[in-house]
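Enquirer: Chains as they are written, first to last, in the numbering used here: chain A, 14 to 422; chain B, 14 to 422.
For glycine and all other residues, C-beta sits at the position ideal for the given N, C-alpha and C.
Predicted, not measured: the structure shown is a model, and the values here were computed from it.
#1: For the region 112-131 of chain B against the region 80-90 of chain B, do three or more pairs of beta-carbon atoms, one drawn from each stretch, fall closer than 8 Å, so that the two count as touching?
#2: Measure from the alpha carbon of residue 210(B) to the alpha carbon of each residue in 273(B), 60(B), 74(B) and 298(B), then state which is nearest.
#3: Compute the distance between the beta-carbons of residue 223(A) and residue 271(A), then report whether it is under 8 Å.
#4: Might you give, ordered along the chain, the residues of its own chain that have their beta carbon closer than 7 Å to the beta carbon of residue 324(A), omitting 5 neighbours on each side?
#5: Quick check on residue 39(B): buried or exposed, where buried means 16 or more other Cβ atoms within 10 Å of its Cβ?
#6: Skipping 5 residues on each side, what residues in its chain have a beta carbon closer than 6 Å to that of residue 13(A)?
#7: Spatial neighbours of residue 67(B) within its chain, please: CB distance less than 7 Å, with the 5 preceding and 5 following residues excluded, ordered by chain position.
#8: For residue 35(B) versus residue 178(B), is the C-beta distance shorter than 8 Å?
#9: Does residue 89(A) get closer than 8 Å to chain B when you measure Cβ to Cβ?
#10: If we cut at 8 Å on Cβ distances, does residue 49(B) have a partner in chain A?
#11: Have a look at residue 389(A) and residue 333(A) and give me their C-alpha separation to the nearest angstrom.
#12: According to DSSP, is residue 126(A) part of a helix, a strand, or is it coil?
#13: Report buried or exposed for residue 374(A), applying the criterion of at least 16 other Cβ atoms within 10 angstroms of its Cβ.
#14: Just the Cα atoms here: how many angstroms apart are residue 26(B) and residue 186(B)?
#15: Would you say residue 205(B) lies against chain A (beta-carbon separation less than 8 Å)?
#16: Apply the 10 Å Cβ neighbour rule to residue 386(A) and answer buried if 16 or more other Cβ atoms are within range, or exposed otherwise.
#17: Could you tell me the alpha carbon to alpha carbon distance between residue 205(B) and residue 266(A), rounded to whole angstroms?
#18: Using a Cβ-Cβ cut-off of 6 Å (strictly less than) and excluding sequence neighbours within five positions of residue 402(A), which residues of its own chain qualify?
#19: Measuring CB atoms only, is the region 363-370 of chain B touching the region 334-343 of chain B, in the sense that at least three cross pairs come out at less than 8 Å?
#20: Among 183(A), 311(A) and 55(A), which has the Cα closest to the Cα of residue 398(A)?
#21: Does the beta-carbon distance from residue 219(A) to residue 282(A) come in below 8 Å?
#22: Name the chain B residues whose beta carbon is nearer than 7 Å to that of residue 392(A)?
#23: Taking the CB atoms as reference points, tell me whether residue 344(A) and residue 65(B) lie closer together than 8 Å.
#24: Do you know offhand how far residue 130(A)'s Cα is from residue 369(B)'s?
#25: Under 7 Å Cβ-Cβ, which residues of chain B neighbour residue 164(A)?
#26: In chain A, which residues lie with their C-beta within 8 Å of the C-beta of residue 417(B)?
#27: Can you check whether the C-beta of residue 95(A) is within less than 8 Å of a C-beta belonging to chain B?
#28: Shortest alpha-carbon distance to residue 396(B) belongs to which of 221(B), 294(B), 226(B) and 355(B)?
#29: Let me see if you follow: with CB-CB separation under 8 Å, is residue 72(A) close to chain B or not?
#30: Between the alpha carbons of residue 158(A) and residue 253(A), how many angstroms are there, rounded?
#31: If you check the beta carbons only, do residue 84(B) and residue 110(B) fall under 8 Å apart?
#32: What do you reckon, are the CB atoms on residue 134(A) and residue 161(A) nearer than 8 Å?
#33: Roughly how many whole angstroms lie between the Cα atoms of residue 69(B) and residue 167(A)?
#34: So, at 7 Å on beta carbons, what are the nonlocal neighbours of residue 80(A) in its own chain, with the 5 sequence-adjacent residues on each side left out?
#35: Tell me residue 364(B)'s beta-bridge partners as DSSP assigns them.
#36: The beta strand (DSSP E) with residue 83(A) in it runs from where to where?
If you want it as structure tokens, here you go:
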């Protein structure tokens, strides 16, 4: 699935951006991104739950809990993951250069890296690149910064929303990158955990608890709900920055407009997460997997995850085959508790399994037509309780394997 | 990986076999298999843990706990899974025909089915086929019966061992089938759980507790240890039959020869399980994944399973790429508790990660040469305790996806 997206201009008052090339990628594309707020911004962040955390994630986990950040410096082409102490020093040094060049507090800068795992970052290139990015900052640099974060992405991923709060124009805009190694393991807690590199910025004034609340609402519905290959990265990072230059009264969790903010952040992050699936390595389809009436949420999520990760289900989707047997089988081994004789399955609005038995006849042709589409919904109704779950998954294609067996060579 | 295996003749005293064709497969190969003992045999059995159980498995679960069986009737080409009440009746009727034709007790016969899920078995073909198999029984029919169980298997899978107990010649021989939908979820308990269709026969006299003990020892080291795609079938069945016609004093768990029996059963079943991986759909490699010094067995198994199922690790293996970063990353999200700075990783005897850092230099070329081989061992040493785990996994190839996206069409 390769889309061309027009680069609509994105400006967020009080934020500047830059993207430059320092030579980390063979593709000769931009490999350094920089996001800077004019003033220290309220910051909510979430990082990977992977026990092996990349150096920049370790630095982010140190600095983000303070709740204030002013800059994010990103490199692509090299993940600076499992690179030992020198990698950690490199991650700190990236921030120090930004702090020095821009005369801001080093502890208000966090780094991100994405790309090849286990290779040291080339110090000279990075230093020159980060300095060049500091000089290239511009209110119109959003798309250049985004390009600086991209690795195997086939298209740039961004989304924005507008709101009016206290009569002030509020912009909420975000960028994300990622195509493979996608299986978020997030918990919707404080400065919890997240996936891939995602940065959402707003000019609204928001208190730290409200900003963290908004991230906690948005994550499970967006990046928490997507599965490409079931591999959870060492580098996943999501940051939500609110610099307050709009001058509204700071939003709290009790403000009348808090729900509007949460809604906008969630819509932006869900749009971004969906683009990640659409661009999943080799993906040809986006499948919404919905589990209804599970015994409890854990069962619902288990089942949705199992189907979203099952190679046999994913290859059937790729083949455009409404092979309900594989779905029923995956439900069976998911660990969810249900009565197989009550199971209902639907592709979009076409029921294909009723009370545990496949419906034969005309339905099959209609189901096949649905599964051949680039997007469809698979609904599994367990009749075992009231819990639901939703996952957004890609299929598993020949190109996924080709691409990932040939990443380095 | 496509092997030609010469069909060495296999005879097990007191057992007869048949394999016939009744037209369930397009390939026009044999699709009915029949295994019959001259006398009721002690029987230990294990079935899938999938909540959705195929009709023949439901019948097997009813009958196997009695511990005595005389015949197994198998069809391939159709799994008789999620086929409702009529499927269950069909599974019983397959047994009833065998019982009537051979004048044995219907409750001493169990059915097995494998193939397409969710399609009713064609009654007439099955009835004619099962009757024909009863008439074709022969002491030399082992390979015909085995062919009758095969579906996507590229080669027949069988193994045998000889023993002398009480001066009597004991034969232990088994057959198995399977290539995809392989991720056993077994528990080493009584008449527990197993994978795929596996039948092991011996002419030894063995008490039921000893026979069940032997299965309990053999399963975790054989079918419990293999992963092809991580999908656990609805039809998995393993049966161990001992008909006692050798005339030895019945082996108990306290017999001096019990360990020899366990050893032989384990070797036969491990050889069979390994063949399943070698023949994994699209597989080009067999990888032994060994986890050392985990905090506990659960952690060790989790980590071994995570690597065995990780699409990114499996595609790297396919590509012949010793991409240790993906292995370290998978270890990190596996849930196993360990210190990333103590992690050691080896391909065969070549260490590639030491104390959490990749070893660079000559080692890389040696590691690459190992990963390009058709079989190699990946060892992950956590330095976190004393628990170990072992998995035998296939890689993930372009052909796996091609094959499984095109199974029905």
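Expert: Well, looking at it:
#1: yes
#2: 60(B)
#3: yes
#4: 409
#5: With a threshold of 16 other beta carbon atoms within 10 Å, residue 39(B) falls short and is exposed.
#6: Lying outside 14 to 422, the shown extent of chain A, residue 13(A) is not represented and no answer is given.
#7: 92, 93, 94, 126, 247 and 248
#8: no
#9: no
#10: no
#11: Cα-Cα distance, rounded: 11 Å.
#12: strand
#13: exposed
#14: Each residue's CA atom was taken as its position, placing residue 26(B) and residue 186(B) some 11 Å apart.
#15: Only weak support exists for where residue 205(B) lies, its pLDDT of 30 falling under 50; the coordinates are left without a value.
#16: exposed
#17: The predicted model places residue 205(B) with a pLDDT of 30, which falls under 50 and marks its position as unreliable; any figure quoted below should be read in that light. Taking the straight line joining both Cα atoms gives about 53 Å.
#18: Closer than 6 Å at the Cβ level, and outside the excluded window around residue 402(A), lie 304, 313, 314 and 317.
#19: yes
#20: 311(A)
#21: Cβ distance not < 8 Å, so residue 219(A) and residue 282(A) don't count as in contact.
#22: Within chain B, no residue comes near residue 392(A); the closest Cβ sits about 17 Å away, beyond 7 Å.
#23: yes
#24: 12 Å
#25: Within 7 Å Cβ-Cβ: nothing; residue 164(A) doesn't reach chain B, min ~14 Å.
#26: 324, 325, 328, 329 and 332
#27: yes
#28: 355(B)
#29: no
#30: 16 Å
#31: Not in contact: residue 84(B) and residue 110(B) (Cβ atoms no closer than 8 Å).
#32: no
#33: 48 Å
#34: Take residue 80(A), set aside five residues on each side of it, and the residues of its chain with a beta-carbon closer than 7 Å to its own are 55, 56 and 221, in chain order.
#35: Assignment of beta-bridge partners to residue 364(B) by DSSP yields 359(B).
#36: Taken as a continuous stretch (DSSP letters only), the beta strand (DSSP E) holding residue 83(A) covers 81-91.
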